[in-house]
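Number of protein chains: 2
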Amino acid sequence: MDNVKELKVMLKEKGYKLTPQRRAVLNIIMENPGKHLTTEEIYDLVKVQCPDIGLATVYRTLQILDEMDLIMKINLDDGCSRYEYNVHQDDHEHHHLICTNCGKIMEVNEDLLDSIEAQIEKDYDFTITDHKVKFFGLCSTCR
Amino acid sequence: MDNVKELKVMLKEKGYKLTPQRRAVLNIIMENPGKHLTTEEIYDLVKVQCPDIGLATVYRTLQILDEMDLIMKINLDDGCSRYEYNVHQDDHEHHHLICTNCGKIMEVNEDLLDSIEAQIEKDYDFTITDHKVKFFGLCSTCR
DNA sequence: TCTCATTTAATAATCTTTTTCAAATTCTTC
DNA sequence: GAAGAATTTGAAAAAGATTATTAAATGAGA
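Protein chains in written order, with our numbering: chain A, 1 to 143; chain B, 1 to 143.
Next up, the structure:
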């Protein structure tokens with residue numbers, strides 16, 4: 001997502017229009033790699049550039065950016081949705097390490113599940129298209 | 001969890017009392033293995049035996065049963081919490097296969113992550129205590 | 001049985017997310 | 001660049017899940 005024109009084309013393919021609000025929301029997410037921003041955090045950050053934006057617009061925009069695979073929705077079981085920029089533009093999200101003591105979130109960038117997925121597809125007659133994996137435990141600081 | 005006496009002892013260890021409502025909620029979950037019941041579904045089923053139970057009591061009971069590792073909370077990203085009986089009484093839940101077409105949920109009973117976890121613990125200096133794994137895709141019927 | 005802390009049902013409150021709707025904006029066509 | 005049709009927006013209300021409050025009821029030990 002280098003420029004605005006590209007975003008405009010992608011939106012148009014789905015029948016959506018390019019608005020300053022949509023541009024601002026995507027910008028905020030792209031400017032915060034690895035941050036796992038909550039909707040509320042995104043709303044607060046977007047309001048700096050876009051003071052009149054409504055929370056509902058942020059929710060709506062996050063939905064369509066997720067649908068377009070530009071961003072990824074993350075559920076960390078803490079009661080709110082989080083989002084991050086989908087760098088690889090694929091539909092396999094990376095895995096997350098979540099420290100149950102301090103709440104720090106780390107990312108596992110390698111995709112280690114390939115052999116396991118092949119095994120499951122065979123054993124369970126199931127075609128896997130995506131996965132979500134979270135590891136809970138203690139980070140080096142908290143241990 | 002064979003009998004009431006055992007539940008009573010386990011509750012007492014945490015300073016809780018045994019009530020008919022708590023017994024009924026656990027019974028419903030034990031009677032529906034592999035069903036991934038939502039809180040609302042549990043509420044409806046419990047009301048058969050326990051017509052006056054309040055929804056808040058179901059929520060509270062599910063919390064303490066989860067805390068006691070008697071049941072397991074499952075988040076399938078569909079906007080509500082689900083629960084199932086923790087057969088193995090350990091803190092590692094099994095993995096879930098979720099059909100994105102029909103919504104069917106299957107379980108992967110083997111724990112296939114051991115070698116991956118060892119790798120991550122070494123690479124990321126992180127002590128893993130639990131994991132949550134969901135595979136999304138198409139079941140044999142929908143494919 | 002008595003006592004006291006816990007638990008309950010009902011209700012209100014909270015929190016996140018979605019819907020509604022009139023006004024504003026985008027994009028296409030001229 | 002203006003006009004028109006459809007989409008999008010902000011504000012507020014609504015919805016849905018979960019939690020907190022509170023007086024009354026109940027459980028468990030003495």
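Yeah, the Cβ is synthetic: ideal placement off N, Cα and C, and Gly gets one too.
K12 of chain B, DSSP secondary structure in three states: helix
Residue burial classification, L55 of chain B (beta-carbon count within 10 angstroms, cutoff 16): exposed
Classification of Y83 of chain A by the beta-carbon crowding that lies within 10 angstroms, buried from 16 upward: buried
Nearest-angstrom beta carbon gap, H95 of chain A and F135 of chain A [assumed within contact, 8 Å]: Distance from F135 of chain A to H95 of chain A at the Cβ level is roughly 7 Å; contact confirmed, criterion being Cβ atoms closer than 8 Å.
8 Å Cβ cutoff, M1 of chain B in contact with chain A: Residue confidence for M1 of chain B is low, a pLDDT of 49 falling below 50, so the modelled location carries little weight; the figure read from the coordinates is stated next. Answer no: the Cβ-Cβ gap between M1 of chain B and chain A never drops below 8 Å.
CB of L76 of chain B within 8 Å of CB of I105 of chain B, strictly: yes
Delimiting residues of the alpha helix (DSSP H) encompassing N75 of chain B: Per DSSP, N75 of chain B belongs to no alpha helix (DSSP H); it is in the beta strand (DSSP E), I71 to N75.
Whole-Å CB distance - H101 of chain B paired with C142 of chain B, under 8 Å assumed: Reading the sequence as shown, one finds Asn at residue 101 of chain B and not His. Confirmed, about 4 Å.
Delimiting residues of the beta strand (DSSP E) encompassing L138 of chain A: Segment T127 to L138, the beta strand (DSSP E) holding L138 of chain A.
Distance CB(L112 of chain A)-CB(T127 of chain B) smaller than 8 Å: no
Identity of the residue in B:S81, B:M68 and B:C80 nearest V87 of chain B by Cα: B:M68
Secondary structure of E6 of chain A, DSSP reduced to three states: helix
Sub-8 Å separation of P33 of chain B and Y85 of chain B beta-carbons: yes
Assigned secondary structure, R143 of chain A (DSSP; H/G/I helix, E/B strand, else coil): The three-state secondary structure of R143 of chain A, taken from DSSP, is coil.
Below-8 Å beta-carbon distance, L112 of chain B vs any chain A residue: yes
Near-chain A residues of the segment 46-71 of chain B (beta-carbon distance less than 8 Å), N- to C-terminal order: none
Neighbour-count burial assignment, K122 of chain A, 16 or more Cβ in a 10 Å radius: exposed
Range of the contiguous alpha helix (DSSP H) that encloses E41 of chain A: T39 to Q49
Assigned secondary structure, V25 of chain A (DSSP; H/G/I helix, E/B strand, else coil): If DSSP states are grouped into helix, strand and coil, V25 of chain A belongs with the helices.
Residue nearest to G103 of chain A in terms of C-alpha spacing, selected from A:V4, A:R22 and A:S140: A:S140
Residue of B:E40, B:I64, B:Y43 and B:G79 minimising C-alpha distance to K14 of chain B: B:I64
Contacting residues, own chain, Cβ-Cβ under 8 Å from E117 of chain A (five flanking each side not counted): I128 and H131
Burial state of Y59 of chain B, where buried means 16 or more other Cβ atoms lie within 10 Å: exposed
Cross-chain neighbours of Y124 of chain B in chain A, by beta carbon under 8 Å: L97, M106 and V108
Close Cβ partners of I120 of chain A (< 7 Å) along its chain, the five nearest in sequence each way excluded: F126 and I128
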